[in-house]
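Notes for the one structure printed next.
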Amino acid sequence: MKVHTANNVLSRYFLKSLKTFQLLLLSSSFIACTEGIGNKQITEQGSLGINLVVASGDGQFADPGQKFNYPIVAKVVDPLGDPIPGVTVEFSTEESNGASILTASTISDRTGNVATNILAPNKLDKKFVVYAKLPKGQIQIPFNLATFPEQLLVISDGPTYDFESEAVGAVRSFAFILDNTGTSKATNISGFIEDLPFKFKGGAFPGTGGTCGLELNGGEDCKFVVSFAPTEVGFFASEVEIHYKDNSIERVATRSLKDRAT
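Using this note's numbering, you'd call the opening residue of the sequence shown number 6 and step up by one each time.
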């Protein structure tokens, strides 16, 4: 017969309590260790493997002088690939390439992402690199960008068409030629004018009397009509944009406009 003495009961209770204490000690040590690593990663960037990776936006093309369709996005991650928020990342490029970075420094969000938009150089067939880097410069990643080698659609009467002068209350119109200088078809063609008193004649692209449609074959041309209808005296400037697709790539052709109302 098994006898449960007071000493046996106390001994089993002591062993059980000791195991519980050891588990709590190990758990606390692990949490303290991981928290310490996380804090060190934030305060000593790069010393424990903080890294930058390309998230999106690499390899884009844009028309000269235009903003790229999508921002370039880098991601700040730890050695396990998890995002790190609150880290400052700087974007830079060589001044000689003519590109403009719209936000040169930003802080990673809760997903670890940092982003900026890029304005392309005013030259065709211009390749350049924008770098995302940590402030101390020990880690940086490249984004390879370029302008198109040639414009598929070209608007006549550039670079700026001057309507010259028109009286307040009167209307002056002009028909621009849109020429497809390439061999591929331009699709999804649409028009946009930034500011009044310039507008497409009749109110919508291609303007009353215009012949442009949604598509334009290589080597062909069409016309669209823009009106200047001032309601007050002054000097005015705007820009007409023709948006289209070159295969699957979204592009835009532009023409500056100006006039004086008397």
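Ideal placement from N, C-alpha and C gives every residue a C-beta, glycine not left out. Remember, predicted model here, so these are calculated numbers, not experimental data.
Taking the DSSP output, what are the residues bridged to GLU255?
Beta-bridge annotation (DSSP): GLU255 is paired with LYS250.
Do the segment 201–215 and the segment 149–164 make contact, defined as three or more Cβ pairs closer than 8 Å?
Too few Cβ pairs lie closer than 8 Å, so no.
With a Cβ-Cβ cutoff of 9 Å, do THR186 and ARG260 count as a contact?
The answer is no: Cβ separation not under 9 Å.
Give me, in chain order, the residues of the same chain whose beta-carbon lies closer than 7 Å to that of ASP200; leave out the 5 immediate sequence neighbours on both sides.
Closer than 7 Å at Cβ, skipping near neighbours: SER243.
On the DSSP letters alone, give me the boundaries of the beta strand (DSSP E) that GLU169 sits inside.
165–171 is the extent of the beta strand (DSSP E) around GLU169.
Quick check: the segment 179–194 against the segment 225–239, are at least 3 beta-carbon pairs closer than 8 Å?
Taking a cut-off of 8 Å for Cβ pairs, the segment 225–239 and the segment 179–194 touch, as three or more such pairs fall below it.
Any idea if GLU100 is buried or exposed, counting beta-carbon neighbours within 10 angstroms, 16 or more meaning buried?
By the neighbour-count rule (16 or more Cβ atoms within 10 Å), GLU100 is not buried but exposed.
Secondary structure at ASN102, three-state DSSP: helix, strand or coil?
Three-state DSSP puts ASN102 in a helix.
Give me the Cα-Cα distance between ALA266 and LYS204, rounded to the nearest whole angstrom.
If you take the alpha carbons of ALA266 and LYS204, they lie about 15 Å apart.
For VAL176, count the other beta carbons within 10 Å of its own beta carbon; 16 or more makes it buried, fewer makes it exposed. Which is it?
Exposed, because fewer than 16 other Cβ atoms sit within 10 Å of the Cβ of VAL176.
Looking at C-alpha atoms only, which residue of ASN252, SER253, LEU129 and ASP264 is the closest neighbour of THR236?
For the residues ASN252, SER253, LEU129 and ASP264, the minimum Cα distance to THR236 belongs to ASP264.
According to DSSP, is ILE144 helix, strand or coil?
Coil.
Report all residues from its chain with a CB closer than 6 Å to the CB of THR108; omit the five preceding and five following residues, and keep chain order.
In chain order, THR121 place their CB closer than 6 Å to the CB of THR108, counting only its own chain and leaving out the 5 sequence neighbours on each side.
Determine whether the beta carbon atoms of ILE55 and VAL92 lie at a separation below 9 Å.
Yes, the pair counts as a contact, with Cβ atoms nearer than the cut-off.
In whole angstroms, what is the alpha-carbon distance linking THR98 and GLY208?
Answer to the nearest angstrom: the Cα atoms are 42 Å apart.
Please classify GLN143: is it buried, with 16 or more other beta-carbons within 10 angstroms of its beta-carbon, or exposed?
Only exposed fits GLN143, as fewer than 16 other CB atoms lie within 10 angstroms of its CB.
Would a C-beta distance cut-off of 9 Å place LYS206 and SER178 closer than the cut-off?
With contacts defined as CB atoms closer than 9 Å, LYS206 and SER178 qualify as a contacting pair.
With a cut-off of 8 Å on the beta carbons, I'd call ILE194 and LEU221 a contact; round off their distance for me.
In this structure ILE194 touches LEU221 by the C-beta definition: roughly 6 Å separates them, less than 8 Å.
With DSSP collapsed to three states, give me the class of THR186.
The DSSP-derived three-state label of THR186 is coil.
Own chain residues within Cβ distance below 8 Å of SER189, not counting five before or after
The answer, listed in chain order, is LEU157, GLY223, ASP251 and ASN252.
Label SER232 either buried or exposed according to how many other C-beta atoms from any shown protein chain fall within 10 Å of its C-beta, with 16 as the threshold for buried.
Buried: at least 16 other Cβ atoms inside 10 Å.
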